[in-house]
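Take 0 as the starting number for the sequence shown in numbering that gives the first Met the number 0 and just add one per residue.
The structure appears right after this line, and notes come after that.
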Amino acid sequence: MITLGIEGTAHTLGVGIADSESGILANVLDMYRPPQGGLHPREAANHHADVVAPLIGRALEEAGLSPKDVDLVSFSKGPGLGPCLRTAATAARALSCRLGVPIIGVNHCIAHIEIGRATTGCTDPALLYASGGNTQIIAFSNGRYRIFGETLDVGIGNMLDKLGRELGLGFYAGPALEKLALEGDRLLELPYSVKGMDVAFSGIMTAALALRKRGCRLEDIAYSVQETCFAMLAEVTERAMAHVGKDEVLLGGGVAQNSRLKAMIAEMAEERGAAMYCPDRRYCMDNGAMIAWLGSIMHLSGVRMSMADTVVEQRFRTDEVDVTWRRSGCRRCGPVRRGSPTRGRWGTSRRRRSCDPHRSRLRPPPPA
Ligand code: ATP
Ligand code: FE2
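Spelled out as structure tokens, the structure:
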């Protein structure tokens, strides 16, 4: 089954094509970069409207397919910015009607988990999802993906971008701050904001800007911001893993490309005897392939949507979705519950087989 997925929750419009048998066939994207200042949702949506049709064409070309080969259209239903979500949803609806194929709206955060599970080989991880607009620790429990901790104010990436802009580093400042941090060696005092299982970042930004006003070096500020924020994330991720008994941690979201964050999470995992997984860069950032893949496995598990169900949800929570595609008997879907049919008579595990979505390991798209 061929699924074409459209991602458009924030500044990226991505189109991906997944084949349920052989994996990802195409993954193309175009990111809106504001000429100055922050991201304006309406302007980003106008960008998405301009690029979506050419990107659909490019994705089909990359996959070597024609429109009539598409069996299903999926799109990111939320969470995200209203105008951007509506643009991607409108394109998906138009394509679904034009081709006469079903449509399915998916949760963007769950798409990050599923593309990570499919491409890295991890089975039942806790996900640290750190992007521009989102910062959450998510794990599968009792049939749903539950949020164990999250940001109380802004996503970590948005904080890094805003801080970078104030410090004159331009938009999309995460990579620039990472580079600067390599030259820093003084750990400056910043508020360490962990509240229960949640984190907060805006106070850190205010404190970092105050340090700059007092004349501290940019390198030391970048270094201290990274050390403080990533330690907070490692702490809550570790606690979530201990709470739900997960021995795998998966990274997702644009900030997961940061080497220092990866190193800190890897160290935490190693100390717990757990394993860390991080998808290929193309699947860490927002992308259409993950939307196509999640649409595909949801459809195969029996989920169907009418046009009326495709209304976007700006605050779509991961724990609102019934995870119909994970089966306790699948060796890649997670723990075998006591008494489940794959459990042998004496509690020993019988050979577990992969469920439909996991018969084949996803193959990455050809390099751009
Ligand atoms: P979402 O809609 O899921 O919130 P997004 O639109 O913010 O995502 P992503 O591509 O997931 O898009 O993430 C972009 C963010 O990642 C930006 O805030 C950017 O600064 C940050 N980022 C990218 N690379 C790095 C890096 N090396 N270190 C830190 N942050 C990074
Ligand atoms: Fe994302």
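For every residue, glycine included, the Cβ atom is placed at its ideal position computed from N, Cα and C.
Small disclaimer: the values here were computed from a predicted structure and weren't measured.
Asked                                                                                                                                                                                       : Found
Under 6 Å from any heavy atom of the ligand ATP, does the C-beta of HIS10 make it?                                                                                                          : yes
Which residues in the same chain have their Cβ closer than 6 Å to the Cβ of SER223, if we skip the five residues on either side of it in sequence?                                          : LEU186, LEU187 and LEU189
Can the beta-carbon of CYS277 be found closer than 7 Å to that of LYS261?                                                                                                                   : yes
Rounded to whole angstroms, what is the Cα-Cα separation between PRO53 and ALA288?                                                                                                          : 16 Å
Could you check if VAL322 is buried or exposed, using at least 16 other CB atoms within 10 Å of its CB as the buried criterion?                                                             : buried
Under three-state DSSP, which class holds MET289?                                                                                                                                           : helix
What does the Cβ neighbour count give for ASN141, buried or exposed, with the cut at 16 atoms within 10 Å?                                                                                  : exposed
Within the present structure, is the beta-carbon of SER300 separated from the nearest heavy atom of the ligand FE2 by less than 6 Å?                                                        : no
For the pair the segment 127 to 139 and the segment 151 to 166, tell me if three or more CB-CB distances fall below 8 Å.                                                                    : yes
For a test of your reading of the model: does the CB of MET158 fall under 6 Å from any non-hydrogen atom of the ligand ATP? Yes or no.                                                      : no
Would you kindly work out how many angstroms separate the C-alpha atoms of GLY13 and ASP318, rounded to a whole number?                                                                     : 24 Å
Taking the beta strand (DSSP E) that GLY167 falls in, what are its first and last residues?                                                                                                 : From DSSP, GLY167 is part of no beta strand (DSSP E); its letter is neither H nor E.
Return yes when at least one heavy atom of the ligand ATP lies under 6 Å from the C-beta of TYR282, else no.                                                                                : no
Would DSSP call ARG145 helix, strand or coil?                                                                                                                                               : strand
So LEU94 packs on HIS298, CB below 8 Å; how close in whole Å?                                                                                                                               : 15 Å between Cβ atoms; not a contact.
With a cut-off of 5 Å, give the chain-ordered residues whose Cβ is closer than this to any heavy atom of the ligand FE2.                                                                    : SER130 and ASP285
Using a 10 Å radius around the Cβ and a threshold of 16 neighbouring Cβ atoms, would you call GLU113 buried or exposed?                                                                     : buried
If you measure between the beta carbons of TRP324 and SER305, is that distance less than 7 Å?                                                                                               : no
Return the chain-ordered list of same chain residues with a C-beta closer than 7 Å to the C-beta of SER359, the five sequence neighbours on each side being excluded.                       : At SER359 the pLDDT is 48, less than 50, meaning the model places this residue with poor confidence; the figure from the coordinates comes in the next sentence. Once the five neighbours on either side are set aside, the close Cβ partners of SER359 are GLU20, SER21 and GLY22.
Is the CB-CB distance between PHE315 and LYS161 below 7 Å?                                                                                                                                  : no
What is the rounded straight-line gap between the Cα of LEU80 and the Cα of GLY169?                                                                                                         : 22 Å
Considering Cα atoms alone, identify which of ASN257, GLY252 and ALA274 is closest to LYS245.                                                                                               : ALA274
Skipping 5 residues on each side, what residues in its chain have a beta carbon closer than 7 Å to that of ALA25?                                                                           : GLY15, ILE16, ALA58, GLU61, ALA62 and PRO364
Just checking GLY149 against the ligand ATP - is the residue's beta carbon closer than 6 Å to any of the ligand's heavy atoms?                                                              : At residue 149 the sequence reads Glu, which differs from the Gly that was named. The answer is no for GLU149.
In angstroms with no decimal places, state the Cα-to-Cα distance between MET30 and GLY272.                                                                                                  : 38 Å
PRO82 to CYS96, Cα distance in whole Å?                                                                                                                                                     : 21 Å
Jot down the residue ranges of each uninterrupted beta strand (DSSP E) in the segment 110 to 145, minimum 3 residues, whole runs only, in chain order.                                      : 125 to 129 and 134 to 140
Assuming MET240 and ALA88 make a contact with CB atoms under 8 Å, what is their CB distance in whole Å?                                                                                     : Contact doesn't hold; Cβ gap of about 35 Å is too wide.
THR119 to ARG213, Cα distance in whole Å?                                                                                                                                                   : 44 Å
If we count the other Cβ atoms within 10 Å of its Cβ and call it buried at 16 or more, is VAL27 buried or exposed?                                                                          : buried
Identify, in the order they occur along the chain, each residue of the same chain with its Cβ nearer than 7 Å to the Cβ of ARG344, setting aside the five sequence neighbours on each side. : The predicted position of ARG344 is uncertain, since its pLDDT is 35 and thus under 50; no value can be drawn from it.
So, are the CB atoms of MET204 and ALA233 less than 7 Å apart?                                                                                                                              : no
Report whether the distance from the Cβ of PRO82 to the nearest heavy atom of the ligand ATP is below 6 Å.                                                                                  : no
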